[in-house]
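Accompanying notes for the structure given below.
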Amino acid sequence: MRTFRLFLIVQIAALTALLVVAAGMALVGSFTSGPAGGSKFFFEAALFFGALPVVAVGAPIYFALIRYGKPRWFYIILLGIAPGVVALPFDVLLGGFAIVCGAAVASLTHLMCRGLGPNNSFKPKPLRGSA
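This note's numbering puts the first residue of the sequence shown at 3, with every later residue one more than the last.
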């Protein structure tokens, strides 16, 4: 039950991070192409192109990294930019957009999930001289 709860926490954190990044991209879009059209387009693009990679790939792999005690920044950023790198040969603009958004979503997810994972505080310390 604890494993499933941890998985749900990671999924919720990843989707929350995606919403925050999509809102940030909408803010960028409102400055670049006017308040009406650009912000809606960037928000919808970030959600549309980001939801499936976040739910199906990013969050489960991040959950596995937490379970095995390996959530390091290098792996997190690599995990975030991987979908964008895959999309680069097909469309440079979409790939660049996915790299920036993916790195931001992965970083925010990692910041929200700090403290989850194995806890070694319950292991007793050996007595002095007993080893």
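Virtual Cβ for every residue (Gly too), placed ideally from N, Cα, C. Just so it is clear, the structure is predicted and the values come from calculations on it, not from any experiment.
Problem set entry | Simplified DSSP assignment, three categories, for C103 | C103 carries a helical assignment under DSSP once its states are collapsed to helix, strand and coil.
Exercise. Can you tell me whether DSSP reads R4 as helix, strand or coil?
Worked result: If DSSP states are grouped into helix, strand and coil, R4 belongs with the helices.
For this session: State the Cα-Cα distance for the pair F43 and G31, rounded to the nearest angstrom.
Result: Roughly 8 Å separates the two Cα atoms.
For this session: Compare the Cα-Cα distances from I78 to each of T5, A89, M114 and report the closest residue.
Result: Distances from the alpha-carbon of I78 to those of T5, A89, M114 put M114 closest.
Exercise. For I14, which of L96, A53, R69, R74 has the nearest alpha-carbon?
Worked result: Among L96, A53, R69, R74, the Cα nearest to that of I14 is on A53.
For this session: Give the straight-line distance between the Cα atoms of V12 and F33, rounded to the nearest whole angstrom.
Result: Distance between the alpha carbons of V12 and F33: 32 Å.
For this session: Can you grab the Cα-Cα spacing for the pair A28 / V94, in whole Å?
Result: So the alpha carbons of these two residues sit roughly 20 Å apart.
Problem set entry | Cβ of V12 within 8 Å of any chain C Cβ | The structure shown has no chain C; it contains just one protein chain.
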